[in-house]
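Colleague:
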Amino acid sequence: MTTEQANLRIPGPAEPLSVILKLVGDACNINCYYCYEKRKPYAGYDKLPLDALARLLDLAGGRPLSLELHGGEPLLYGMEATSDLLRLLRGYPGNISLSVQTNATMLTPEWFDLFAEEWPEIDIGVSLDGDPEANRNRVDYRDRSTSERVHVALEMAAARGLAVGLISTVTKDVSRRPEETLDFVAGFDAVKALKFSPCFDFNVMPKRIPVGNRETMLPLLPKGEEHAGWAITPLEFSAFLVRAYDHWRGSGLFRRFLLEPFTSVIRVLAGRDTRFCHFAEQKCAFVLTLYPDGRLGSCDELGVPDGLLGTIHDLPSLDVATSLVTNPTLRDGLDELLDKCVGCGYRSTCGGGCLATRMRYRNSAFYEDYCTHRIEIIDHIAADIARERVASEH
1 MTTEQANLRI PGPAEPLSVI LKLVGDACNI NCYYCYEKRK PYAGYDKLPL DALARLLDLA
61 GGRPLSLELH GGEPLLYGME ATSDLLRLLR GYPGNISLSV QTNATMLTPE WFDLFAEEWP
121 EIDIGVSLDG DPEANRNRVD YRDRSTSERV HVALEMAAAR GLAVGLISTV TKDVSRRPEE
181 TLDFVAGFDA VKALKFSPCF DFNVMPKRIP VGNRETMLPL LPKGEEHAGW AITPLEFSAF
241 LVRAYDHWRG SGLFRRFLLE PFTSVIRVLA GRDTRFCHFA EQKCAFVLTL YPDGRLGSCD
301 ELGVPDGLLG TIHDLPSLDV ATSLVTNPTL RDGLDELLDK CVGCGYRSTC GGGCLATRMR
361 YRNSAFYEDY CTHRIEIIDH IAADIARERV ASEH
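Position 176 (the sequence shown) corresponds to 176 in full-length UniProt numbering; numbering is contiguous.
#1: Count the other CB atoms within 10 Å of the CB of residue 73; is the residue buried (16 or more) or exposed (fewer)?
#2: For residue 373, is the classification buried or exposed, using 16 other Cβ atoms within 10 angstroms of its Cβ as the cut-off for buried?
#3: Just the Cα atoms here: how many angstroms apart are residue 333 and residue 174?
#4: Below 8 Å on the Cβ atoms is my contact criterion, and I expect residue 262 with residue 381 to pass it. Report the Cβ-Cβ distance as a whole number of Å.
#5: Expressed to the nearest angstrom, what Euclidean distance is found between the alpha-carbon atoms of residue 279 and residue 113?
#6: In terms of residue numbering, what span does the alpha helix (DSSP H) encompassing residue 109 cover?
#7: Would you mind reading off the limits of the beta strand (DSSP E) that contains residue 20?
#8: Beta-carbon within less than 6 Å of residue 267's beta-carbon, same chain only, minus the 5 sequence neighbours each way: which residues are those?
#9: Closer than 8 Å is the cut-off here; do at least three beta carbon pairs connect the stretch 348-357 with the stretch 277-294?
#10: Which one of 270, 81 and 182 has the shortest CA to CA distance from residue 193?
#11: Just curious, the beta strand (DSSP E) that residue 168 is in, first and last residue?
#12: Does residue 135 pass the burial test, meaning 16 or more other C-beta atoms within 10 Å, or should it be called exposed?
#13: Residue 6 and residue 284: beta carbons closer than 8 Å?
#14: Within a Cβ cutoff of 8 Å, which residues of the same chain sit near residue 325, ignoring the five residues on either side of it in sequence?
#15: Quick check: the stretch 199-210 against the stretch 242-259, are at least 3 beta-carbon pairs closer than 8 Å?
#16: Please work out which residues of its chain come closer than 6 Å, Cβ to Cβ, to residue 384, disregarding the five sequence neighbours upstream and downstream, and give them in chain order.
#17: Which runs of the beta strand (DSSP E) at least 3 residues long sit entirely within the stretch 171-251? Give them in chain order.
#18: Identify which residue in 66, 170, 103 and 197 has its Cα closest to the Cα of residue 145.
#19: Decide if residue 60 is buried, meaning its Cβ has at least 16 other Cβ atoms within 10 Å, or exposed.
#20: Return yes when the Cβ of residue 366 is within less than 8 Å of the Cβ of residue 169, no when it is not.
#21: Out of 93, 98, 220 and 96, which one is the CA nearest neighbour of residue 137?
#22: Below 8 Å between beta carbons: does that hold for residue 236 and residue 196?
#23: What's the C-alpha gap between residue 307 and residue 295?
#24: Would residue 65 and residue 91 qualify as a contact pair, given that the criterion is a beta-carbon distance under 8 Å?
#25: Which residue's Cα is closest to the Cα of residue 34: 44, 98, 128 and 106?
#26: Can you find the residues in the same chain that come closer than 6 Å, C-beta to C-beta, to residue 225, ignoring five residues on each side of it along the sequence?
#27: Nearest by alpha-carbon distance to residue 14: which of 227, 43, 63 and 27 is it?
#28: Measuring alpha carbon to alpha carbon, tell me which of 179, 155, 369 and 12 ends up nearest residue 249.
#29: What are the start and end residues of each continuous beta strand (DSSP E) run of 3 or more residues lying completely inside the stretch 7-83, in chain order?
#30: With 16 as the cutoff for other CB atoms within 10 Å, does residue 165 come out buried or exposed?
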């Protein structure tokens, strides 16, 4: 342990929290090969009961909340149940910002109507990795492409004048196509923000493989401690991001949509804050996950039971949960990861990265590569900003 420590920042009693609501647990109408939710243990609960959500809101005590309807596929919760849930949220005495993250294959005009009536300010996030070639890890239970249905949903959103955020999981297929992926996304008028999320599936194994996906998935499963066949390494991700950044800037697409992680890197290089936890000091303690059986966890990427903090009906307050005192092993582990950042010249711009990913990589050959890949992209963007500044001065 060094003299100086970089312990996990714990939220104060009135600070905003993010809460991921696992409306239907791991239930989903499609079978993405890299789905981390389907690796978690579930106890047979179908849907998040409203009394568990009501308890969460009561414990929150009016503090600002950023709630995300998530899954699995959250639209499987059903329109009637979703309507009841939104009405419950309307009674909360504090500020709530609400989003839904969907695979969009079930989005219909009726769903758009429901959101417009019950919560018109909802942020709609859609998961789509890219064009059909890049999106081929997002399939149904017979290995059939889901791309066309998502494209239809994005066109419906555009027709209604809605702005949509897109998450692209950078798999092996996507990593080979940064320019094509960006150009493809630019073809959807509804998309105003894009986030590249790396598929660092290291040493993971799904609980089960549906019969209809076995022929394709089995050869891609990791053998021992290695990345799955659909996954990428940290240095592959930084190489992808460098090309993506150059195309985003050089083609003028930066005027068309925001792009993470670039937007956050630019902000922190300018000395400004970002809400993206990979570059902010507000990390796992600021994120809670509520599961259908009442379990409350930290960031949903930490998994269960590693990230478990208790059950919503037994916890006396959310402050107890966010302090991580109910899971001291997790707290100590996260502090240890952050302690590595002490003395690093990139500490203020990097922010320590994703602690869940670093925890998976700990004691592996990729642990140092994780830091290196973040340095590479920060340096690349900083150099571009410096060149632009010099050019503008002359």
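Don't be surprised by glycine CBs; every beta carbon is placed ideally from N, CA and C.
Modeller: To lay it out plainly:
#1: Translated into positions along the sequence shown, residue 73 becomes position 73. Answer is buried; the Cβ neighbour count reaches 16.
#2: In the sequence shown, residue 373 corresponds to position 373, counting from 1. That one is buried.
#3: Locating residue 333 in the sequence shown gives position 333, counting from the first residue. Locating residue 174 in the sequence shown gives position 174, counting from the first residue. Each residue's alpha carbon lies about 32 Å from the other.
#4: Start at 1 with the first residue of the sequence shown, and residue 262 comes out as number 262. Start at 1 with the first residue of the sequence shown, and residue 381 comes out as number 381. Contact flag correct, Cβ pair sits at about 6 Å.
#5: On the sequence shown, position 279 is the one that residue 279 refers to. On the sequence shown, position 113 is the one that residue 113 refers to. Each residue's alpha carbon lies about 36 Å from the other.
#6: For the purposes of this step, residue 109 is taken as residue 109 along the sequence shown, with counting starting at 1. Per DSSP, residue 109 belongs to the alpha helix (DSSP H) from 109-118.
#7: In the sequence shown, counting from the first residue as 1, residue 20 sits at position 20. Counting along the chain, the beta strand (DSSP E) containing residue 20 begins and ends at 17-22.
#8: Locating residue 267 in the sequence shown gives position 267, where the first residue counts as 1. Here the set comprises 274.
#9: yes
#10: Position 193 of the sequence shown, counted from the first residue, corresponds to residue 193. Nearest of 270, 81 and 182 to residue 193, Cα basis: 182.
#11: Counting from 1 along the sequence shown, the entry for residue 168 is found at position 168. Residues 164-170.
#12: Residue 135 sits at position 135 when you count from the first residue of the sequence shown. Buried.
#13: As a position in the sequence shown, residue 6 is number 6, starting the count at 1. As a position in the sequence shown, residue 284 is number 284, starting the count at 1. No. Outside cutoff.
#14: The residue labelled residue 325 in the question sits at position 325 within the sequence shown. So the qualifying residues of the chain are 331.
#15: no
#16: Counting from 1 along the sequence shown, the entry for residue 384 is found at position 384. Closer than 6 Å at the Cβ level, and outside the excluded window around residue 384, lies no residue.
#17: 191-198
#18: Translated into the one-based positions of the sequence shown, residue 145 becomes position 145. It is 103 whose Cα lies nearest to the Cα of residue 145.
#19: Sequence index remark: in the sequence shown, residue 60 carries index 60 (1-based). Buried is the call here.
#20: Working through the sequence shown from its first residue, we reach residue 169 at position 169. Working through the sequence shown from its first residue, we reach residue 366 at position 366. Contact flag unset, no.
#21: Numbered from 1 along the sequence shown, position 137 holds the residue referred to as residue 137. Among 93, 98, 220 and 96, the Cα nearest to that of residue 137 belongs to 220.
#22: Walking along the sequence shown from the start, residue 236 turns up at place 236. Walking along the sequence shown from the start, residue 196 turns up at place 196. No, they are not a contact pair.
#23: The count along the sequence shown starts at 1 and reaches residue 307 at position 307. The count along the sequence shown starts at 1 and reaches residue 295 at position 295. In a straight line, the C-alpha of residue 307 is about 10 Å away from that of residue 295.
#24: Residue mapping note: residue 65 aligns to position 65 of the sequence shown, counting from 1. Residue mapping note: residue 91 aligns to position 91 of the sequence shown, counting from 1. Cβ distance not < 8 Å, so residue 65 and residue 91 don't count as in contact.
#25: Here residue 34 corresponds to residue number 34 of the sequence shown, with the count starting at 1. Ranking the options by Cα distance to residue 34, first place goes to 128.
#26: Your numbering for residue 225 matches position 225 in the sequence shown. Within the same chain, residue 225 has close Cβ partners 203.
#27: Stepping through the sequence shown from its first residue, residue 14 is reached at position 14. With distances taken between Cα atoms, residue 14 lies closest to 63.
#28: One-based indexing of the sequence shown puts residue 249 at position 249. With distances taken between Cα atoms, residue 249 lies closest to 179.
#29: 17-22 and 65-70
#30: In the sequence shown, counting from the first residue as 1, residue 165 sits at position 165. With 16 or more Cβ atoms within 10 Å of its Cβ, residue 165 is classed as buried.
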